[in-house]
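Student:
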Amino acid sequence: MDREEVTNLLQWLLLLELSKLMFFSSTAQVKSVRNDMKYKYLKNRLAHLKRCAPY
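Sequence positions in the sequence shown follow the UniProt record's numbering and run 1 to 55.
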């Protein structure tokens, strides 16, 4: 797998996580707060993985 494939895979996983969150969160307000937190975490994680990728 090259770097672009890994990035695409990570973005798909990110979308999957966000959609699961949206599905399982009950109220709209809780949903948006939790999504913001989760999204920021995953975005930072993705950036970190891109920086640390050995290729």
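Where is the CB? At the ideal position from N, CA and C, for every residue including glycine.
Quick caveat: nothing in here was measured; it's all calculated off a predicted structure.
With a Cβ-Cβ cutoff of 9 Å, do residue 42 and residue 17 count as a contact?
Tutor: Contact: yes.
Student: With a threshold of 6 Å on Cβ separation, who are the neighbours of residue 35 within its own chain once the five nearest residues in sequence on each side are excluded?
Tutor: Closer than 6 Å at the Cβ level, and outside the excluded window around residue 35, lie 21.
Student: Can you grab the Cα-Cα spacing for the pair residue 7 / residue 32, in whole Å?
Tutor: If you take the alpha carbons of residue 7 and residue 32, they lie about 25 Å apart.
Student: Whole angstroms is fine: what's the gap from residue 19's alpha carbon to residue 48's?
Tutor: If I take the Cα positions, the gap works out to 22 Å.
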